[in-house]
């Protein structure tokens, strides 16, 4: 049997030698010719109205001059809608949920529960949940549907088209802009999406750099900081626009770093030429609004929120323990934050922020709540429902400056992927080396960038 | 007949009037009678068809490359249980990206009982590229000619009956977003599997040079593997230098590559080359 099979392989080799190199080309040509003939018999075009519309729109949206500015403007619009729309519901949710915290704490007290149980469950676990829900839910409930409308309309492939030349220049695959766009939703999803990239070299580049675009779990951090610090310096009428512009600026820095790192990788460890590809620009479609609301609210928002909640509950408990177990009159949280402080200071941050990032490795969604919990347990303030209260806590009590805010935004963009994303890198590459690089390289870049910014800032 | 009427005709099939006997099973399929592969170009509405039939909620979106993994679900129809496998959308089965290999390996080695190919009626010619390749691999194909409403809006008249005649397999006009034509689609799939609807798949008209090469190779393959339904396609792959197909042939085992990560091999090869 085997001998016969080898016979076939041998025969194939002989025929292949005769055929020369153009078998694939001839074959593809034949298929196209055949398809053309069949299509001619089946399709009759009566008018080409919609076609004209699509082409006209593409001329604008993918124009070399306007394409990228329009893209930036749309991105800014999405963030602006998210910021403006999420503000009030966030405050309401926080009010309600923290009121409930007090009620439950009182209830526990009446039932005679020991202080530490009330503390752990209510001021730890529940508070963590309440923070995540009020910080995460409103922005997600707006961001996801708006982003999905653009996706459903058919805009994403146009983004890939506009950015193709940039990625090609960086020696990466043009489809990387698609996987990058997916990363805005979730980096783990973006990493899985790299399967559309044929060359393993370019695929690894896309996997390693996906973390440089902020995922949905990291947007709330960016949005909050841009409102509390950057926008606060401007008159209220302009605040939301400035905040949106700040988030866009951070995203653009992320894209820039994606391109730089891709370029460095493709010139060093992952050497090679960028491969060409055909990208289909699908027809524009009227978004199915009802379905979008359903899928983005029920599926995406609740899914991401659920993930954040199951991460936040244990983190909230952990932080409460750290803040309430004391050694020599100082809580564990303060000890750890104190140890991390010198490193934090070098990076223009502080020990509490670094501790929050350690606790938040499973899910980046809980970074801000964790920071706040560390500070508020350290000080006297317990509930923060308004942004000016938050500002008071961060600036007056914790001593944050504009440098802290800027570097925290940079660090939110540039640090190790969350544990889910790291696991996904492992699953997709099955290589320990790439997984380690994928986890540590962004962290290293984050440390270097924040360090440099802090040093330069302090010079002036 | 206009497209609109055609769709009406399609949805007025006997079983749409006899009530809803499509039962969605989600992912709860333990035992099944038939395995159906769902193939097609990216962005043709495959996932929408999948969601409609299984009741699952695969994410759908208007961009190529959205589905990169295999999704599975099930439904029952006329007391038969069908397992539906949603393959990544691909333009062709000739290249080596992971998504294309996932699709190709399942069609070639997974031996589904039937394959539904979802086509975008508005860009029929481009979609035919993949259809013609799939027809070389398997006889049991039903075409879902999707986005018929969009084709109509664009002023195109797409005749599904001529297409069916040309391809030699059933062609069902559908509007998957509204669920139009999907019952008839499932009915045709069952008909093809059970032999009630005979198919005579179109063969790619190849140039004389290739035909000559195939004439030499195909009989050899058929002699060794008489049970193989797609010797011609295997020959084409061998002539194209497809290492994977060649290895499968040498071992005489066709299922060995199913589920294995192609990425590993390609990756190893590349790091070795570095």
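Chains as they are written, first to last, in this note's numbering: chain S, 1 to 460; chain C, 461 to 734.
Note that the Cβ used here is the ideal one computed from N, Cα and C, for glycine as well.
Min CB distance residue i to chain C below 8 Å
{"i": "residue 11(S)", "result": "yes"}
{"i": "residue 26(S)", "result": "yes"}
{"i": "residue 16(S)", "result": "yes"}
{"i": "residue 41(S)", "result": "yes"}
{"i": "residue 195(S)", "result": "yes"}
{"i": "residue 23(S)", "result": "yes"}
{"i": "residue 391(S)", "result": "no"}
{"i": "residue 462(S)", "result": "The shown model of chain S, from 1 to 460, leaves out residue 462(S), and the question about it has no answer."}
{"i": "residue 307(S)", "result": "no"}
{"i": "residue 6(S)", "result": "yes"}
{"i": "residue 198(S)", "result": "yes"}
{"i": "residue 408(S)", "result": "no"}
{"i": "residue 456(S)", "result": "no"}
{"i": "residue 191(S)", "result": "no"}
{"i": "residue 327(S)", "result": "no"}
{"i": "residue 89(S)", "result": "no"}
{"i": "residue 19(S)", "result": "yes"}
{"i": "residue 30(S)", "result": "yes"}
Short CB-CB distance (under 8 Å) between residue i and chain S
{"i": "residue 692(C)", "result": "no"}
{"i": "residue 710(C)", "result": "yes"}
{"i": "residue 634(C)", "result": "no"}
{"i": "residue 615(C)", "result": "yes"}
{"i": "residue 701(C)", "result": "yes"}
{"i": "residue 559(C)", "result": "yes"}
{"i": "residue 484(C)", "result": "no"}
{"i": "residue 619(C)", "result": "yes"}
6 Å Cβ shell around residue i - same chain, five flanking residues per side excluded
{"i": "residue 199(S)", "result": "275"}
{"i": "residue 461(S)", "result": "In this structure chain S extends from 1 to 460, so residue 461(S) is not present and cannot be described."}
{"i": "residue 605(C)", "result": "579, 581, 620, 631, 633"}
{"i": "residue 609(C)", "result": "635"}
{"i": "residue 394(S)", "result": "400"}
{"i": "residue 178(S)", "result": "160"}
Neighbourhood of residue i by C-beta, 7 Å cutoff - its chain only, sequence neighbours within 5 removed
{"i": "residue 706(C)", "result": "698"}
{"i": "residue 43(S)", "result": "none"}
{"i": "residue 693(C)", "result": "596, 597"}
{"i": "residue 379(S)", "result": "Only weak support is given to the placement of residue 379(S): the predicted model assigns it a pLDDT of 46, under 50, and the value that follows is read from those uncertain coordinates. The answer, listed in chain order, is 397."}
{"i": "residue 154(S)", "result": "282, 283, 284, 285"}
{"i": "residue 180(S)", "result": "190, 210, 213, 258"}
Alpha-carbon spacing of residue i relative to residue j, whole angstroms
{"i": "residue 570(C)", "j": "residue 596(C)", "result": "15 Å"}
{"i": "residue 34(S)", "j": "residue 440(S)", "result": "51 Å"}
{"i": "residue 306(S)", "j": "residue 98(S)", "result": "19 Å"}
{"i": "residue 110(S)", "j": "residue 373(S)", "result": "25 Å"}
{"i": "residue 496(C)", "j": "residue 546(C)", "result": "9 Å"}
{"i": "residue 669(C)", "j": "residue 301(S)", "result": "56 Å"}
{"i": "residue 501(C)", "j": "residue 220(S)", "result": "36 Å"}
{"i": "residue 542(C)", "j": "residue 704(C)", "result": "29 Å"}
{"i": "residue 607(C)", "j": "residue 646(C)", "result": "17 Å"}
{"i": "residue 661(C)", "j": "residue 639(C)", "result": "27 Å"}
{"i": "residue 61(S)", "j": "residue 176(S)", "result": "19 Å"}
Environment of residue i [buried if 16+ CB atoms lie within 10 Å]
{"i": "residue 64(S)", "result": "exposed"}
{"i": "residue 612(C)", "result": "buried"}
{"i": "residue 460(S)", "result": "exposed"}
{"i": "residue 268(S)", "result": "exposed"}
{"i": "residue 59(S)", "result": "exposed"}
{"i": "residue 238(S)", "result": "exposed"}
{"i": "residue 462(S)", "result": "The structure shown has nothing for residue 462(S), since chain S only spans 1 to 460."}
{"i": "residue 494(S)", "result": "Look at the range of chain S in this structure, 1 to 460, and you will see that residue 494(S) is not part of it."}
{"i": "residue 589(C)", "result": "buried"}
{"i": "residue 437(S)", "result": "buried"}
{"i": "residue 371(S)", "result": "buried"}
{"i": "residue 289(S)", "result": "exposed"}
{"i": "residue 427(S)", "result": "exposed"}
{"i": "residue 53(S)", "result": "exposed"}
Other residues of its chain near residue i: CB distance less than 8 Å, five sequence neighbours each side excluded
{"i": "residue 623(C)", "result": "584, 603, 605, 631"}
Q.
With three or more C-beta pairs closer than 8 Å as the rule, is the stretch 420-429 of chain S touching the stretch 311-326 of chain S?
A. no
Does the stretch 676-694 of chain C come close enough to the stretch 9-26 of chain S to have 3 or more Cβ pairs within less than 8 Å?
-> yes
Exercise. Mind the definition here: the stretch 155-166 of chain S touches the stretch 408-419 of chain S only if three or more C-beta pairs lie below 8 Å; say whether that holds.
Key: In the pairwise beta carbon analysis, the stretch 155-166 of chain S is classified as not touching the stretch 408-419 of chain S: fewer than three pairs are separated by under 8 Å.
Note to self: Under 8 Å, with one C-beta from each stretch per pair, do the stretch 343-357 of chain S and the stretch 281-297 of chain S reach the 3-pair mark?
What the structure shows: no
Inset, instruction - Could you tell me whether the stretch 654-669 of chain C touches the stretch 25-41 of chain S, where touching means 3 or more Cβ pairs closer than 8 Å? - result: yes
Review point. Is there contact between the stretch 99-107 of chain S and the stretch 189-197 of chain S, where contact requires at least three CB pairs shorter than 8 Å?
Key: The stretch 99-107 of chain S, when compared against the stretch 189-197 of chain S, does not touch it at the 8 Å Cβ threshold.
>> Can you confirm whether the stretch 222-234 of chain S touches the stretch 448-455 of chain S when touching is taken to mean that 3 or more C-beta pairs between the two stretches lie within less than 8 Å?
In response: no
Give a yes or no on contact between the stretch 82-93 of chain S and the stretch 121-141 of chain S, applying the rule of three or more CB pairs nearer than 8 Å. Touching, per the Cβ criterion.
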